[in-house]
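Read through the structure below, which is laid out as structure tokens, and then see the notes.
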Amino acid sequence: MSFHEIDDTLVEYFKQMLAEESELCDNNNDAQSQKAVKSSDKDDFGIDTSSLDACLDDAGSSLQPDADKDTVNVSDTVSSDSQESSIEVLDTQSSFDNPLENDSSVCSSLAHFEALARISSDPLNAQIQDQNEKNDEKLRDTDISDDVSLNVETATAAENENSTKLAFAEPHPLEKLLEKVETKTENATQEEVRTDTQEAVQTVEQDVKSEQKEAQIIEDTKSEDNNKSQEEWHNIELPKEFQALFFLVKGIRFAVPLVNLGGIFQSEKITPLFGKPKWFMGIADIRGKKMNVVDTLKWVKSDAPDSENYEYKIALDNTLWSIGCDELEGNRILSNDSVTWRQHSGNRPWLAGIVKKEMCALLHVEELIKMFEKGVNLKDLDLQMSE
Amino acid sequence: MSDENKNESIIGNKLSEKKGELLRWVTFKLGNELYGVNVMQVREVLRYTDIAPVPGAPSYVLGIINLRGNVVTVIDTRARFGIPPAEVTDNTRIMIIESEKHVIGILVDSVAEVADLNTADIDDTPNVGTEENAQFISGVCNRKDDLLILIDLTKLFTETEWKEVTNLG
Numbered sequence: 001m002s003f004h005e006i007d008d009t010l011v012e013y014f015k016q017m018l019a020e021e022s023e024l025c026d027n028n029n030d031a032q033s034q035k036a037v038k039s040s041d042k043d044d045f046g047i048d049t050s051s052l053d054a055c056l057d058d059a060g061s062s063l064q065p066d067a068d069k070d071t072v073n074v075s076d077t078v079s080s081d082s083q084e085s086s087i088e089v090l091d092t093q094s095s096f097d098n099p100l101e102n103d104s105s106v107c108s109s110l111a112h113f114e115a116l117a118r119i120s121s122d123p124l125n126a127q128i129q130d131q132n133e134k135n136d137e138k139l140r141d142t143d144i145s146d147d148v149s150l151n152v153e154t155a156t157a158a159e160n161e162n163s164t165k166l167a168f169a170e171p172h173p174l175e176k177l178l179e180k181v182e183t184k185t186e187n188a189t190q191e192e193v194r195t196d197t198q199e200a201v202q203t204v205e206q207d208v209k210s211e212q213k214e215a216q217i218i219e220d221t222k223s224e225d226n227n228k229s230q231e232e233w234h235n236i237e238l239p240k241e242f243q244a245l246f247f248l249v250k251g252i253r254f255a256v257p258l259v260n261l262g263g264i265f266q267s268e269k270i271t272p273l274f275g276k277p278k279w280f281m282g283i284a285d286i287r288g289k290k291m292n293v294v295d296t297l298k299w300v301k302s303d304a305p306d307s308e309n310y311e312y313k314i315a316l317d318n319t320l321w322s323i324g325c326d327e328l329e330g331n332r333i334l335s336n337d338s339v340t341w342r343q344h345s346g347n348r349p350w351l352a353g354i355v356k357k358e359m360c361a362l363l364h365v366e367e368l369i370k371m372f373e374k375g376v377n378l379k380d381l382d383l384q385m386s387e
Numbered sequence: 001m002s003d004e005n006k007n008e009s010i011i012g013n014k015l016s017e018k019k020g021e022l023l024r025w026v027t028f029k030l031g032n033e034l035y036g037v038n039v040m041q042v043r044e045v046l047r048y049t050d051i052a053p054v055p056g057a058p059s060y061v062l063g064i065i066n067l068r069g070n071v072v073t074v075i076d077t078r079a080r081f082g083i084p085p086a087e088v089t090d091n092t093r094i095m096i097i098e099s100e101k102h103v104i105g106i107l108v109d110s111v112a113e114v115a116d117l118n119t120a121d122i123d124d125t126p127n128v129g130t131e132e133n134a135q136f137i138s139g140v141c142n143r144k145d146d147l148l149i150l151i152d153l154t155k156l157f158t159e160t161e162w163k164e165v166t167n168l169g
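Order-wise, the sequence lines are chains Z and L.
Residues 1 to 387 in the UniProt record's numbering are what the first sequence lists, from first letter to last.
Residues 1 to 169 in the UniProt record's numbering are what the second sequence lists, from first letter to last.
Structural data, given as structure tokens:
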């Protein structure tokens, strides 16, 4: 194959390639597709970039002026498709002997290269153009990135503008909102606390009032009871002259009107019951009746020593209550004038009066039985009266 | 209603309403006084045996005994009734009683007899007691030359006291 035949085939091949690439270029401007094409070309032609660069260095020095000129021309006609053609040209150059090695054919080869460059862009110029395109792509990328960054910046700027606008429209809105929310929550909590405390205070006040009312009612009832007891207390009504039984309890003389005397009995056996007051001696069986026997001295004086037994038991009225006594002094006739009658119950409702001559207590039997039934002795009565 | 519960109810406050019924009572002595509990509440009567004290138990609890494999709490009846303590004698007995599904033993000075009493002969006691143990007495009745004090074992302890006493075993 002669050199010219090769050139013709190369020219045709380049023409075909340019046509195809022009079509592809219209449809595809993507850099990745170009890289794919590049890689495919590499596979097809087995070009080493290092050898390509060396070849370019060898041949480029002499062709630089034309190359610059052609680059302008080609760049006008061919946009981004010169890479493959230049590679293929170089490949064809590398396929045969390097034309620079033969000095005689340098001029012809240069002329041929010039012709090739005119027809289908010089491979060196194409290489340069490729580099330029790469740079352009880089610039585009940078432009795009710049655009993106600019867009982002503009977006952020717009946001900032918006924010600044909001900031201008209402300074520190979040803080104010937070303050409002905080103040609202604080107000709400304060209101809740206030309402709670108010409710608590109200309930406490109500409780206190109710307690005060209850205490007042209790005091009133107590005072009423005392007044009633004092009002209800009536001294015994006896004729101008009446008989009374005098008896001694551990040296203390008492008198009981005969009208209130239920009986006098003797009993050795008194059955004590647990859980009863200390002044309650127990139960005595008197003719089938279970008489409650009271330790008279213990009843009058709580700290008095326990009595072994009383010689006699004086039954009070028709009740089952009886009081113990040691010695019976007998009965006497008394006049109303001989007795200092009590007008009020005071602390001694059981005391009807004092017999002047004997200086002894005349018992109010009815009230005494009431006290027995209540389980109250003189000390308890004093405590109750003091309260 | 079982006979036992029926009898227990009779023991209580409804004595006055159940006049004329004949009831059997196991009588025992504490000091010089004669007490009676319903025979239906008494499981058995034991001689005095060693009673193992229980630390931290109430003051009226003497301790526990082993009754054929069962642990039974023994009550100091004198202390519970407020009666001064007394020494253990040959007549001292432990009465195993059952009240409201609780089984306890009560220490008594002696066990006298089983007496038949007519409810009509039982009298109420004066309600002058302010202490808790005053409610143990359900009534009194003449028995020969003595007065028999009838005890309502259902009121011997409160519900919490029953649980406390029975849990010791």
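Even for Gly, the Cβ is constructed at its ideal location relative to N, Cα and C.
Note that this is a predicted model, so its numbers are computed, not measured.
- Per the C-alpha coordinates, the member of Z/V300, Z/G282, Z/I369, Z/V355 positioned closest to Z/D317 is Z/I369.
- For L/N118, not one C-beta of chain Z is nearer than 8 Å to its own C-beta.
- Our two residues, L/R93 and Z/F254, have alpha carbons roughly 46 Å apart in a direct line.
- In the DSSP secondary-structure assignment, Z/L351 is bridged to Z/L363.
- By the C-beta density criterion, Z/G282 is buried, having at least 16 other C-beta atoms within 10 angstroms.
- Contact annotation for L/I149 against chain Z: T271, L273 [CB-CB distance below 8 Å, chain order].
- Taking a cut-off of 8 Å on C-beta distances, the region 341 to 360 of chain Z does not touch the region 260 to 270 of chain Z, as fewer than three cross pairs fall below it.
- L/A115 does not reach chain Z, its nearest Cβ partner there being about 16 Å away, counting only Cβ pairs nearer than 8 Å.
- Straight through space, the alpha carbons of L/E164 and L/D50 are spaced by roughly 21 Å.
- If you draw a straight line from the Cα of L/V114 to the Cα of L/L23, it is about 10 Å long.
- Secondary structure remark: continuous alpha helix (DSSP H) runs of at least 4 residues inside the region 271 to 337 of chain Z, in chain order: 296 to 300.
- The C-beta distance from Z/H344 to Z/I236 rounds to 14 Å, too long to meet the 8 Å contact threshold.
- The beta carbon of L/G36 does not come within 8 Å of any beta carbon belonging to chain Z, so the residue lies off that interface.
- If you look at L/N167, you'll find it in the alpha helix (DSSP H) that goes 159 to 167.
- Residue environment analysis places Z/S335 among the exposed positions, since fewer than 16 neighbouring C-beta atoms fall within 10 angstroms of its C-beta.
- In the DSSP assignment, L/T27 falls within the beta strand (DSSP E) that extends over 22 to 30.
- Take L/G63, set aside five residues on each side of it, and the residues of its chain with a beta-carbon closer than 8 Å to its own are I51, A52, P53, V54, A57, T73, V74, in chain order.
- For L/T89, no alpha helix (DSSP H) segment is defined, and its DSSP state is neither H nor E.
- Distance check between L/G36 and each of L/N167, L/N142, L/Y60, L/E21 places L/N142 closest, using alpha-carbon atoms only.
- Taking all protein chains in view, the Cβ of L/D152 is crowded by 16 or more other Cβ atoms within 10 Å, so the residue is classified as buried.
- Interface flag for L/A112 against chain Z is unset, since no Cβ pair is found closer than 8 Å.
- The beta carbon of L/V88 lies closer than 7 Å to those of Y48 in the same chain, with the five residues before and after it left out.
- In its chain, beyond the 5 residues on either side, I137, G139, V140 have a beta carbon closer than 7 Å to the beta carbon of L/T125.
- Contact annotation: Z/T340 and Z/K356 have beta-carbon atoms nearer than 8 Å.
- In terms of Cα proximity to Z/E232, the closest of Z/K374, Z/E367, Z/K290, Z/W321 is Z/E367.
- For L/I104, the closest C-alpha among the options L/T166, L/I149, L/S110, L/E159 is that of L/T166.
- Around L/S59, the same chain offers A79 as residues with beta carbons nearer than 7 Å, after the five sequence neighbours per side are excluded.
- Close to L/V108, with beta-carbon spacing below 8 Å, lies no residue of chain Z; the smallest spacing is near 14 Å.
- In the displayed model, L/L34 falls within a strand according to three-state DSSP.
- A Cβ of chain Z is located within less than 8 Å of the beta carbon of L/G82.
- Each of L/A120, L/V42, L/E33, L/N38 was checked against the Cα of L/G20, and the nearest Cα belongs to L/A120.
- By a beta-carbon distance limit of 8 Å, Z/Q266 does not contact Z/N331. Their separation comes to about 18 Å.
- Excluding its 5 nearest sequence neighbours in each direction, Z/I333 has C-beta neighbours in its own chain below 6 Å: E241, Q243, listed in chain order.
- In the three-state DSSP reduction, Z/N260 falls in the helix class (H, G or I).
- L/I122 does not reach chain Z, its nearest Cβ partner there being about 10 Å away, counting only Cβ pairs nearer than 9 Å.
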